[in-house]
Amino acid sequence: MEKNIRYGLIAKGQQHPLGFFFNGFFYDQAKSSSRAEGYVDESGFFYPSVNKADPRSKIPTAKIDGLTFIRLRDIAEFQLVRFDA
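Take 1 as the starting number for the sequence shown in our numbering and just add one per residue.
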């Protein structure tokens, strides 16, 4: 993922993003807060918490390969769509 570019996370068959990535952080669009809910490391692994004290911040739940978000639990794939601002 490129820096300063917003990427929407879209499930197959859907038109509206579930959330978005910006500068390596994930933001949930369903929540009104603008705090990051997760992050992507340099290797492309996604962690569902940015809180370093939270155990979920140490176990990846997905891998990003190009513009594909692959959930590790069931190998479900989601598309990342670039939104130029």
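For each residue, glycine too, the CB sits at the ideal point set by N, CA and C. For clarity, every value in this text was computed on a predicted model and none was experimentally measured.
**Asked** Which residues in the same chain as R82 place their Cβ atom closer than 7 Å to its Cβ, once the five residues preceding and following it in sequence are excluded?
**Response** I5, Y7
**Prompt:** What did DSSP end up calling R71 once you bin it into helix, strand or coil?
**Reply:** strand
**Asked** Starting from K31 and walking both ways along the beta strand (DSSP E), at which residues does that stretch end?
**Response** Where K31 is concerned, there is no enclosing beta strand (DSSP E), given that its DSSP letter is neither H nor E.
**Request:** Just confirm the distance between the C-beta atoms of F46 and P60, as a whole number of angstroms; I'd bet it's less than 8 Å.
**Result:** 6 Å
**V38 burial status per 10 Å Cβ neighbour count (16 or more: buried)** = According to the sequence provided, residue 38 is Gly. The question's Val does not apply to it. By the neighbour-count rule (16 or more Cβ atoms within 10 Å), G38 is buried.
**Item:** Delimiting residues of the beta strand (DSSP E) encompassing R56
**Value:** Counting along the chain, R56 falls outside any beta strand (DSSP E), and DSSP gives it neither H nor E.
**Request:** Verify the CB distance criterion: does P60 have a CB-CB separation below 7 Å to chain B?
**Result:** Judged by its chain identifiers, the structure shown contains no chain B, having just a single protein chain.
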